[in-house]
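In the working numbering, the protein residues as written are 10 to 227. Positions of the beta carbon are idealized from the N, C-alpha and C atoms, including for glycine. Reading through the structure tokens given below for one structure.
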């Protein structure tokens, strides 16, 4: 199946027919763009410059192709969301099963959204892995394609996670070109920071030097 965007390029492998804003990442130039697209049913020849993930509209029901983020304190799976916040910001967020609300952080505090929430999905989940790293080593993952989770003030946000206080917490990781450092996650209404964490990557299974773990592990 093929997703068609405004200039006819391919964004990834998908089977649903839906409208939604997709994060288009051109890995050859580091270009990040947003566009409302329609999913169409056609054979797919994947453009090698685009990764095979997409954001579905989230309405409280977990899609079958949603990428797991970890587990909550009760052992229920959590998922990777994305929420808008005051203008040109799209924030990576945590989605809990059977809950309409997604949780993220901005300006040092926790923020939530229950409308315009998206959930990260892929038909090829075996190509994704959580890579253990430290913030100062993030730039060394040159053979891994880090999954882009959003943008904040023109800064690229990657998707990170940490196991903390009996649950997996999903948050945002700024690229190495900003003054913000580490993984930032929501906790008890605030934003807390970790310098060691896991970051979500695509196609690292092709590189034996990346300590690959399954997307469902914690």
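(request) Output the boundary residues of the beta strand (DSSP E) element that contains residue 164. (result) The residue labelled residue 164 in the question sits at position 155 within the chain shown. 164-173 is the extent of the beta strand (DSSP E) around residue 164.
(message) With the cut-off set at 9 Å, would you say residue 76 and residue 92 are in Cβ contact?
(response) Indexing the chain shown from 1 puts residue 76 at position 67. Indexing the chain shown from 1 puts residue 92 at position 83. No, Cβ-Cβ distance for residue 76 and residue 92 is not below 9 Å.
(request) May I ask you to list the residues that DSSP assigns as paired with residue 99? (result) One-based indexing of the chain shown puts residue 99 at position 90. According to DSSP, residue 99 bridges with 93, 160.
(message) With H, G and I counted as helix, E and B as strand and the rest as coil, what does DSSP make of residue 136?
(response) In the chain shown, counting from the first residue as 1, residue 136 sits at position 127. DSSP places residue 136 in helix when its eight states are reduced to three.
(message) Using the three-state DSSP reduction, which class does residue 144 fall into: helix, strand or coil?
(response) Position 135 of the chain shown, counted from the start, is the residue given in the question as residue 144. Reduced to three states, the DSSP call for residue 144 is helix.
(request) Using DSSP bridges, identify the partner residues of residue 183. (result) The residue given as residue 183 occupies position 174 in the chain shown. Answer by DSSP bridge pairing, in chain order: 166.
(request) Express the C-alpha separation of residue 168 and residue 200 in angstroms, rounding to a whole number. (result) In the chain shown, counting from the first residue as 1, residue 200 sits at position 191. In the chain shown, counting from the first residue as 1, residue 168 sits at position 159. Rounded to whole angstroms, residue 200 to residue 168 spans 15 Å at the Cα level.
(request) Count the other C-beta atoms from every protein chain shown that fall within 10 angstroms of the C-beta of residue 66, then say buried if there are 16 or more, exposed otherwise. (result) The residue given as residue 66 occupies position 57 in the chain shown. Counting Cβ neighbours within 10 Å, residue 66 comes out exposed, since fewer than 16 surround it.
(message) Please state whether the Cβ-Cβ distance between residue 116 and residue 192 is less than 9 Å.
(response) Within the chain shown, the letter at position 107 stands for residue 116. Within the chain shown, the letter at position 183 stands for residue 192. Cβ atoms of residue 116 and residue 192: not closer than 9 Å.
(message) Which same chain residues end up closer than 8 Å to residue 196 when comparing Cβ atoms and leaving out the 5 residues on each side of it in sequence?
(response) Residue mapping note: residue 196 aligns to position 187 of the chain shown, counting from 1. Excluding residues within five positions, the ones whose Cβ falls inside 8 Å are 119, 173, 174, 178.
(request) Can you grab the Cα-Cα spacing for the pair residue 158 / residue 86, in whole Å? (result) In the chain shown, counting from the first residue as 1, residue 158 sits at position 149. In the chain shown, counting from the first residue as 1, residue 86 sits at position 77. Spanning the two alpha carbons is a distance of roughly 19 Å.
(request) Would you kindly report the start and end of the unbroken beta strand (DSSP E) that includes residue 111? (result) Numbered from 1 along the chain shown, position 102 holds the residue referred to as residue 111. Start and end: 111-115.
(message) Distance check for residue 211 and residue 156, CA to CA, integer angstroms please.
(response) On the chain shown, position 147 is the one that residue 156 refers to. On the chain shown, position 202 is the one that residue 211 refers to. Going from the Cα of residue 156 to the Cα of residue 211 covers about 6 Å.
(request) Assign residue 82 to buried or exposed, taking buried as 16 or more other Cβ atoms, counted over all protein chains shown, within 10 Å of its Cβ. (result) As a first step, residue 82 must be located in the chain shown, where it is residue number 73. Label assigned to residue 82: exposed.
(request) Please look up how many angstroms separate the CB atoms of residue 100 and residue 181, rounded, as I've assumed it's under 8 Å. (result) As a first step, residue 100 is located in the chain shown; it is residue number 91 there, counting from the start. As a first step, residue 181 is located in the chain shown; it is residue number 172 there, counting from the start. About 6 Å; that satisfies the 8 Å criterion.
(request) With a threshold of 16 other CB atoms inside 10 Å of the CB of residue 107, please say whether the residue is buried or exposed. (result) What you label residue 107 is simply residue 98 of the chain shown in a count that begins at 1. Residue 107 should be labelled exposed.
(message) Can you list, in chain order, the residues of its chain with a C-beta nearer than 6 Å to that of residue 121? Leave out the 5 residues immediately preceding and following it.
(response) For the purposes of this step, residue 121 is identified with residue 112 of the chain shown, where counting begins at 1. Result list for residue 121: 110, 112, in chain order.
(message) For residue 146, count the other beta carbons within 10 Å of its own beta carbon; 16 or more makes it buried, fewer makes it exposed. Which is it?
(response) Along the chain shown, one-based indexing puts residue 146 at 137. So residue 146 ends up on the exposed side.
(request) Starting from residue 79, follow the beta strand (DSSP E) in both directions and report where the run begins and ends. (result) The sequence position of residue 79 within the chain shown is 70, counting from 1. Segment 77-80, the beta strand (DSSP E) holding residue 79.
(request) Using three-state DSSP, classify residue 192 as helix, strand or coil. (result) The count along the chain shown starts at 1 and reaches residue 192 at position 183. Of the three classes helix, strand and coil, the one that applies to residue 192 here is strand, per DSSP.
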